[in-house]
Amino acid sequence: MGERLNRIRRKCEPLLRRFFHAYFLVVRGMTLGVRAVVLDAENRVFLVRHSYVSGWHLPGGGVDFGETMEQAMRRELKEEGDIDLTGAAELHGIFLNSHVSRRDHVAIYVVRQFRQDRLPAPNREIVECGFFAINALPEGTTSGTRLRIAEVLDGQPPIATWR
Numbered sequence: 001m002g003e004r005l006n007r008i009r010r011k012c013e014p015l016l017r018r019f020f021h022a023y024f025l026v027v028r029g030m031t032l033g034v035r036a037v038v039l040d041a042e043n044r045v046f047l048v049r050h051s052y053v054s055g056w057h058l059p060g061g062g063v064d065f066g067e068t069m070e071q072a073m074r075r076e077l078k079e080e081g082d083i084d085l086t087g088a089a090e091l092h093g094i095f096l097n098s099h100v101s102r103r104d105h106v107a108i109y110v111v112r113q114f115r116q117d118r119l120p121a122p123n124r125e126i127v128e129c130g131f132f133a134i135n136a137l138p139e140g141t142t143s144g145t146r147l148r149i150a151e152v153l154d155g156q157p158p159i160a161t162w163r
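So, in structure tokens, the structure goes:
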């Protein structure tokens with residue numbers, strides 16, 4: 001059953017992406033999202049797998065009206081990973097996500113001080129999540145996710161675009 005749902009999701013993903021971006025074009029001239037490179041004491045990175053898009057991603061989502069980028073990042077970490085910050089997050093950079101839309105931008109934060117009592121149970125949005133060693137990222141980790149991790153942990157120079 002799971003493989004069948006994955007095939008359907010992969011088939012519908014381009015249409016869903018276009019639909020959501022068309023919707024956001026109507027309600028927002030430009031889209032702004034946040035993601036976080038959450039690193040535990042062993043420098044393992046927290047990743048999520050969504051129900052509606054393929055691959056493993058850094059946790060995050062859209063910035064709502066009247067919300068700062070940091071507030072959105074904190075909200076998304078709580079929603080997607082039951083993660084509460086216990087210290088300051090560092091803004092790593094803001095990237096043009098042009099493979100999705102020429103008007104989509106993503107702010108990346110680095111989080112090292114946090115509390116997570118347990119991994120959340122799968123739900124309609126997040127079907128799987130966890131901490132992964134950098135040299136053992138799960139199959140399907142997206143290229144944009146890998147680039148941001150390499151910039152943060154390996155000192156690779158940031159590039160202006162998501163991919």
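The UniProt record's numbering numbers the first residue of the sequence shown as 1 and each following residue consecutively.
The beta-carbon is built from N, C-alpha and C at its ideal position, and this holds for glycine as well.
Using a Cβ-Cβ cut-off of 8 Å (strictly less than) and excluding sequence neighbours within five positions of residue i, which residues of its own chain qualify?
i, result
"residue 44", "131, 132, 133 and 134"
"residue 13", "52, 53 and 54"
"residue 10", "54"
"residue 119", "81, 82, 129 and 130"
By the 10 Å Cβ neighbour count, where 16 or more other Cβ atoms means buried, how is residue i classified, buried or exposed?
i, result
"residue 19", "exposed"
"residue 151", "buried"
"residue 148", "buried"
"residue 63", "buried"
"residue 8", "exposed"
"residue 26", "exposed"
"residue 124", "exposed"
"residue 69", "buried"
"residue 6", "exposed"
"residue 144", "buried"
"residue 104", "buried"
"residue 35", "buried"
"residue 108", "buried"
"residue 160", "exposed"
Over the uninterrupted beta strand (DSSP E) stretch that includes residue i, give me the two end residues.
i, result
"residue 150", "No beta strand (DSSP E) holds residue 150; the alpha helix (DSSP H) holding it covers 143-154."
"residue 89", "No beta strand (DSSP E) contains residue 89, which DSSP labels as neither H nor E."
"residue 36", "31-38"
"residue 49", "45-50"
Output needed for residue i: all residues of its chain with C-beta closer than 7 Å, excluding positions within five of it in sequence on either side, in chain order.
i, result
"residue 156", "150"
"residue 74", "85"
"residue 116", "81, 82 and 83"
Name the one or two DSSP bridge partners that residue i has.
i, result
"residue 94", "107"
"residue 125", "According to DSSP, residue 125 bridges with nothing at all."
"residue 115", "84"
"residue 132", "45"
Short of 6 Å in beta carbon distance, which residues of its chain neighbour residue i, apart from the five on each side in sequence? Order them along the chain.
i, result
"residue 169", "The shown model of the chain, from 1 to 163, leaves out residue 169, and the question about it has no answer."
"residue 110", "37, 90, 92 and 152"
"residue 40", "131"
So does residue i have its beta carbon nearer than 7 Å to some heavy atom of the ligand FMN?
i, result
"residue 105", "The ligand FMN is absent from the structure shown, which contains no ligands of any kind."
Cβ of residue i less than 8 Å from any chain C Cβ?
i, result
"residue 99", "Although the question refers to chain C, the structure presented lacks it and comprises just one protein chain."
(request) Write down every uninterrupted run of the alpha helix (DSSP H) in the segment 52-84 whose length is 4 residues or greater and which is fully enclosed by it, in chain order. (result) 69-81
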